[in-house]
Ligand code: AMP
Ligand code: MG
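Numbering (my numbering), first residue to last: 5 to 715.
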């Protein structure tokens, strides 16, 4: 097995200048993981300095008895045939020695790489293959541009460049990416390192037992990990430093078994052309580079709850549009077994692993035969011995003019394309008889007629239903990527509140909002976190909010959201500087305080239970769906004749507690916002428009069943 203790990753450079003293990009960077510990990336200003540094690391690791895998980010070989043209041998390492004998390099970086490349080009008949130079009028044997080079004597790319989708070519000497120049200035260094005791080159040397193995690597394999690390680090680190560190970390985390497979399962091209370690394993390496954990989503912006300026009462639709624009998912993906995934939100689209049905099969119990072999008139077909049953296929061909007993769900055997229903036949003496007139293909299901293999079964953002689990399982999916459950903390505020079940003093009321809100959150498949009741006390509320942000992604409070003396939720959010007091033109509801507390969105709902429920359904639900990764979901509306009469003034939208009886929408007898019995009586809400309206019996009204406010 291939076990290594330390991993070095080198980002090489073909620079002709000494790099600045201050660490910068486009110089040489070394990423190093020693015995599982990630070291600070090492910056080298010149190749000479880097070579000495690498040699010291090799010597140090050997002395400490640690086996070292050192990766270099330039090709160890050229496309098939190049080495032979130049050295007369197919061994890429002979070309290393050839280069080492010719390339000169200086302390500060001046070198003769174009002269050597020109000499290499002279070994080929047509122009090239090396191209690109710093001076259009020097080195006549090197074309300035690639156009005109035919790459018919040798291919432009190696098999592994194609396999790993690397865009660069080892013949390009100038204009980034200057991989060609990096090779010319790197291979002689490798040829020298190779002469050190215990150093072997992968895959050309006998490397299996060597204490130090030098291998070709390419940071492009872990580009997704590099990109997300760069995006999530506000300090804007140097990309090359991030690349080498992440790749060394990824390699150090590959299991010995997987690394062994990566290093030994190679195509034949690797012998002459060398190979990029990890080709074909980019996803695994990327995952390992990022802790195996997908990157955290970016934080919400401070102004995510900003409302249009200068508006006094915000219409409901504008408030919803602002929420939709300001929020985005705040949860990470994770793997989940399909049987446990009901109610979870897909973090990536799911493709069918297998078609459904996987093979043509019978839709009924009956007899199968080839349609084209039916005689004229009413058929009487001899039956073959045996039968086709679900899970027990008939593994021979059914001869033309014969029939076979076949059961529902059985794979249709070779020689059969049509099935007659058992009830439409008569059997006896080893034969089956039926009336003429059956259609070709009758009673069979085609392979993939339901779902094709590879088809998108369900999109990202889908909230999985029990039927979705059947679809996933039927097409061979055992696990899916879902978002972690959104964690929602619920806090009730108010001096007057006590817990139901206790004894209330004069002036005290039982906390009705908390059980309702916690249950709603669970109903939406989110994790409800009960933060209890908090008195109208700013210090206590501040502590509760702090506590909630450490345990939850979102906070729902009820009460204290207006602008009065005891409205501490809005006061604290204002203090935190990221608060918006939304005055929404809505009945019941109105005061809604929205803000960020240490980056967590807070929905400050009104205390009144009727208003708290309506605001939760109308505003919090779609917002939470968005935060949870399910996208913005509009509730399904039904247009239903009214079983009531009402006139309303213009200026605000109204929601009435309602239910459907005999196909008509009835509304609760009282619109009083203190009437909790009304939300319990209701099965949905009737929505009356922002404008003035007069509703008469039988007029169509907009009705949302409570079930519409689901995820
Ligand atoms: P507030 O928004 O704090 O001014 O409260 C508005 C009304 O709702 C007051 O009558 C409160 O007593 C009542 N209220 C606040 N919170 C709750 C709760 N958790 N359960 C029941 N009623 C509440
Ligand atoms: Mg209060």
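For every residue, glycine included, the Cβ atom is placed at its ideal position computed from N, Cα and C.
How far does the alpha helix (DSSP H) with residue i in it extend, from its first residue to its last?
i	result
residue 572	572-580
residue 97	96-106
residue 192	183-198
residue 128	It is not in any alpha helix (DSSP H) - residue 128 carries neither H nor E in the DSSP assignment.
residue 704	Here residue 704 belongs to no alpha helix (DSSP H); instead the beta strand (DSSP E) covers 704-709.
residue 630	625-631
residue 524	517-527
residue 266	260-268
residue 470	470-478
residue 212	From DSSP, residue 212 is part of no alpha helix (DSSP H); its letter is neither H nor E.
residue 701	It is not in any alpha helix (DSSP H) - residue 701 carries neither H nor E in the DSSP assignment.
residue 339	Not the alpha helix (DSSP H): residue 339 falls in the beta strand (DSSP E), residues 337-341.
residue 324	320-330
residue 288	286-293
residue 466	Element bounds for residue 466: n/a, residue is neither H nor E.
residue 545	542-555
residue 537	Note, residue 537: premise wrong, no alpha helix (DSSP H); beta strand (DSSP E) at 531-538.
residue 165	163-167
residue 277	273-277
Tell me the residue span of the beta strand (DSSP E) that contains residue i.
i	result
residue 601	595-601
residue 497	491-497
residue 461	460-462
residue 60	No beta strand (DSSP E) holds residue 60; the alpha helix (DSSP H) holding it covers 51-68.
residue 46	46-48
residue 561	558-562
residue 604	604-609
Is the distance from the Cβ of residue i to the Cβ of residue j below 8 angstroms?
i	j	result
residue 144	residue 153	no
residue 402	residue 420	yes
residue 627	residue 350	no
residue 560	residue 492	yes
residue 489	residue 453	no
residue 109	residue 198	no
residue 645	residue 704	yes
residue 373	residue 345	no
residue 672	residue 682	yes
residue 479	residue 357	yes
residue 234	residue 78	no
residue 292	residue 279	no
residue 618	residue 679	no
residue 283	residue 167	yes
residue 725	residue 511	Since the first residue of the chain shown is 5 and the last is 715, residue 725 is not available in this structure.
residue 340	residue 120	no
residue 709	residue 304	no
Quick one: what's got a C-beta closer than 6 angstroms to residue i's C-beta in the same chain, skipping five residues either side?
i	result
residue 101	195
residue 520	none
residue 219	75, 206 and 281
residue 537	496, 501 and 515
residue 393	411 and 414
residue 642	707
residue 244	15, 29 and 33
residue 215	66, 71 and 202
residue 192	103, 104 and 107
residue 84	276 and 277
residue 426	369 and 370
residue 286	225
residue 528	715
residue 255	11
residue 517	496, 562, 613 and 616
residue 525	492 and 532
residue 185	18, 117 and 177
Excluding the five sequence neighbours on either side, which residues of its own chain have a C-beta within less than 8 angstroms of the C-beta of residue i, listed in chain order?
i	result
residue 439	382 and 428
residue 572	497, 540, 541, 542, 545 and 564
residue 5	Bear in mind that the predicted position of residue 5 carries a pLDDT of just 49, short of 50, making it unreliable; the figure below should be weighed with that in mind. Contacts found: 260, 261 and 264.
residue 200	59, 62, 63 and 216
residue 230	223, 243, 246, 247, 250 and 293
Under 7 angstroms Cβ to Cβ from residue i, same chain only, skipping five residues before and after it: list those, please.
i	result
residue 451	359, 361, 362, 363 and 364
Self-check item: alpha helix (DSSP H) segments (min. 4 residues) lying fully within the region 619-682
Solution: 625-631
Exercise. Return the chain-ordered ranges of every beta strand (DSSP E) run that is complete within the region 367-429 and spans a minimum of 3 residues.
Key: If we require 3 residues or more, the beta strand (DSSP E) runs fully inside the region 367-429 come out as 370-373, 384-392, 407-410 and 422-425.
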